[in-house]
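Just so you know, we're using the working numbering here: the sequence shown kicks off at 20 and counts up by one.
Where a beta carbon is used, it is the ideal one built from N, C-alpha and C, also for glycine.
Computed from a predicted model, the values in this text were never measured in an experiment.
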Amino acid sequence: MLPTVALVGRPNVGKSTLFNALTRTRDALVHDQPGVTRDRHYGVCRLQEDRPFVLVDTGGIAGDEEGLAGATARQARAAAEESDLVLFVVDGREGPSALDDEILSWLRKSGRPVLLVVNKVDGIDARQAENEFARYGFEDVVQTAASHRAGIDELLDDVYARLPNEGRGESLDTDPERVRIAFIGRPNVGKSTLVNRILGEERMIASDVPGTTRDSIAVDLERDGRKYRLIDTAGLRRKSRVDEVVEKFSAIKTLQAIEECQVAVLMLDATEGVTDQDATVLSAILDAGRALVIAINKWDGLSDYQRQQAEDMLPRKLAFVDWAEAVRISALHGSGLRELFRAVHRAHASATREFGTSEVTRAVEIAYETNPPPVVRGHVAKMRFAHPGGTNPPTFIVHGTRLRTLSDTYKRYLENFFRKRFKLVGTPVRFVFKEGE
Ligand code: GDP
Ligand code: GDP
Numbered sequence: 020m021l022p023t024v025a026l027v028g029r030p031n032v033g034k035s036t037l038f039n040a041l042t043r044t045r046d047a048l049v050h051d052q053p054g055v056t057r058d059r060h061y062g063v064c065r066l067q068e069d070r071p072f073v074l075v076d077t078g079g080i081a082g083d084e085e086g087l088a089g090a091t092a093r094q095a096r097a098a099a100e101e102s103d104l105v106l107f108v109v110d111g112r113e114g115p116s117a118l119d120d121e122i123l124s125w126l127r128k129s130g131r132p133v134l135l136v137v138n139k140v141d142g143i144d145a146r147q148a149e150n151e152f153a154r155y156g157f158e159d160v161v162q163t164a165a166s167h168r169a170g171i172d173e174l175l176d177d178v179y180a181r182l183p184n185e186g187r188g189e190s191l192d193t194d195p196e197r198v199r200i201a202f203i204g205r206p207n208v209g210k211s212t213l214v215n216r217i218l219g220e221e222r223m224i225a226s227d228v229p230g231t232t233r234d235s236i237a238v239d240l241e242r243d244g245r246k247y248r249l250i251d252t253a254g255l256r257r258k259s260r261v262d263e264v265v266e267k268f269s270a271i272k273t274l275q276a277i278e279e280c281q282v283a284v285l286m287l288d289a290t291e292g293v294t295d296q297d298a299t300v301l302s303a304i305l306d307a308g309r310a311l312v313i314a315i316n317k318w319d320g321l322s323d324y325q326r327q328q329a330e331d332m333l334p335r336k337l338a339f340v341d342w343a344e345a346v347r348i349s350a351l352h353g354s355g356l357r358e359l360f361r362a363v364h365r366a367h368a369s370a371t372r373e374f375g376t377s378e379v380t381r382a383v384e385i386a387y388e389t390n391p392p393p394v395v396r397g398h399v400a401k402m403r404f405a406h407p408g409g410t411n412p413p414t415f416i417v418h419g420t421r422l423r424t425l426s427d428t429y430k431r432y433l434e435n436f437f438r439k440r441f442k443l444v445g446t447p448v449r450f451v452f453k454e455g456e
């Protein structure tokens, strides 16, 4: 499971600037709840590749007439309470305020581990800023200037030192034969209808995975002779815990399911097209490097005219992931499921394919010979050799000289060349360029 870190503090101290610096995303998953003045934002920090964590920007705790009793504050508290670590962000220029004191006192009551982050220390005496907060009694204080990306490495060191270490990597036992899939999508696209339909058909061989906790529900099943594990979806939760008040959309659960799966099936609603929220969820899948299949659901509910419109619009909207297969399905009627699972299988096979060093080097050589990179200021980038750097997503490490001058266009050419040559479908492909012999 991904650990969760919450940013808490009064408005304007720099929480969202920190959020952006740590997640490097423009589009955060938003948990919109009626009555909340500022939404919570969720993203994944991947600055240290092997230790991702969920970051929550709780919004802000404003000193309005409702104060800490207000809806926004309640929301921020709820977010803090479900996190493994709270970053209490304060403004180094303004020093401690009465509201900071108040926030800190409820943070203490919540019992969550808290790290004090003094932000906006650019251009001021940082030592003095720290002294002003000394009475809060924190042993370690991190100083940042989020808008200048300063202090971020130190902040990360302190965060990692406080996060639970267990649960890194695979949280469930893994059978290499078993494909881990997650159905991902915004509310009402049809996730639980689909999962229930799949489990209904396969009831005899589906079983809850032992050891899965309240928060991580998985079900194993077999289909057409192949083994799958369905990772935490709203559908699974609804089915197995009927008595529970079900959250319609949980951003944390979505991000965790993406992390734990190998193939993400992004579900879209054909009657609504590709919405902003769909695009945000899609970028979370791509950031995680997961294999991707797009399931366009509710195809049954379209008139001929709508069908035509959808056929025109979807490929355009999804052009940037044209390597992913899009399958039209109806969760309600169970149509398209065979094709869907075939696409999942193809995506998984591509994503987990093992490469040899010689075939990768050879591919780079041929790509280079066929279309050498253009001359930049009298020099040309040289790719000397390459080797595989991992799977899911397939990663290729290319060594050479002046590789920094390679343009995005050239990198895209290389990616497409590899996709074609190795017949990779349904998975992102990554290149890492290393300068030197
Ligand atoms: P939030 O309300 O806590 O999320 O605060 P924001 O991230 O929206 O930041 C509030 C204001 O402070 C914005 O104008 C930011 O540009 C500015 N700000 C954020 N971090 C820093 C910093 O490290 N130094 C300075 N000088 N300004 C900052
Ligand atoms: P979730 O929030 O993503 O789990 O979505 P649900 O499975 O709860 O579905 C939301 C609504 O869409 C329900 O009323 C479903 O009956 C309906 N629905 C789901 N799949 C289909 C489908 O394939 N065709 C049609 N016409 N309706 C569907």
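Residue environment, residue i, which counts as buried when at least 16 other CB atoms sit within 10 Å
| i | result |
| --- | --- |
| Val32 | buried |
| Gln162 | buried |
| Gln275 | buried |
| Lys453 | exposed |
| Asn435 | exposed |
| Asn138 | buried |
| Glu100 | exposed |
| Asn411 | buried |
| Met332 | exposed |
| Phe72 | buried |
| Gly308 | buried |
| Pro334 | exposed |
| Pro391 | exposed |
| Arg233 | Unreliable positioning characterises Arg233 in this predicted model, as indicated by a pLDDT of 46, which lies under 50. The coordinate reading is nonetheless provided below. Under this definition Arg233 is an exposed residue. |
| Gly455 | exposed |
| Lys128 | exposed |
| Glu241 | exposed |
| Gly375 | exposed |
| Ser269 | buried |
Check: residue i C-beta below 8 Å from any heavy atom of ligand 1
| i | result |
| --- | --- |
| Ala148 | no |
| Thr163 | yes |
| Val448 | no |
| Pro30 | yes |
| Asn138 | yes |
| Thr23 | no |
| Asp141 | yes |
| Gly33 | yes |
| Ser499 | This structure cannot speak to residue 499, because the chain is shown only from 20 to 456. |
| Leu175 | no |
6 Å CB neighbourhood of residue i in its chain, flanking five on each side removed
| i | result |
| --- | --- |
| Arg347 | Ile315, Trp318 and Gly355 |
| Glu196 | Lys246 |
| Val282 | Ile200, Ala310, Val363, Ala366 and His367 |
| Phe404 | Thr380 and His418 |
| Thr42 | Gly62, Cys64 and Leu74 |
| Thr290 | Lys317 and Gly320 |
| Gln67 | none |
| Ala225 | Note that Ala225 scores a pLDDT of 48, beneath 50, so its modelled location is shaky; the value from the coordinates is reported in the next line. Correct list, in chain order: Leu218, Val238 and Leu240. |
8 Å CB neighbourhood of residue i in its chain, flanking five on each side removed
| i | result |
| --- | --- |
| Arg154 | Pro115 |
| Phe38 | Leu26, Ala47, His60, Gly62, Leu74 and Asp76 |
| Val24 | Cys64, Phe72, Val73, Leu74, Val75, Ser102, Asp103, Leu104, Val105, Leu106, Val178 and Leu182 |
| Glu373 | Pro407 and Thr410 |
beta-carbon residue i near ligand 2 non-hydrogen atom, thresh 8 Å
| i | result |
| --- | --- |
| Ala350 | yes |
| Leu287 | no |
| Gly320 | yes |
| Gly156 | no |
| Thr414 | no |
| Arg245 | no |
| Leu74 | no |
| Gly78 | no |
| Leu301 | no |
| Thr410 | no |
| Gly445 | no |
| Val208 | yes |
| Thr212 | yes |
| Asn316 | yes |
| Arg326 | no |
Own chain partners of residue i with C-beta closer than 7 Å, once the 5 adjacent residues on each side are dropped
| i | result |
| --- | --- |
| Arg181 | Leu104, Pro132 and Leu134 |
| Asp141 | Ala164, His167 and Ala169 |
| Val160 | Leu135, Val137, Glu149 and Phe152 |
| Cys280 | Arg199, Ile200, Ala201, Ile250 and Arg309 |
| Tyr432 | Asn390 |
| Gln296 | Arg205 |
| Arg123 | Note that residue 123 is Leu in the sequence shown here, rather than Arg. Result list for Leu123: Phe107 and Tyr155, in chain order. |
Residue ranges of each alpha helix (DSSP H) within the region 91-150, 4 or longer: 117-129
Alpha helix (DSSP H) runs wholly inside the region 295-370, at least 4 long, in chain order: 295-306, 323-336 and 356-370
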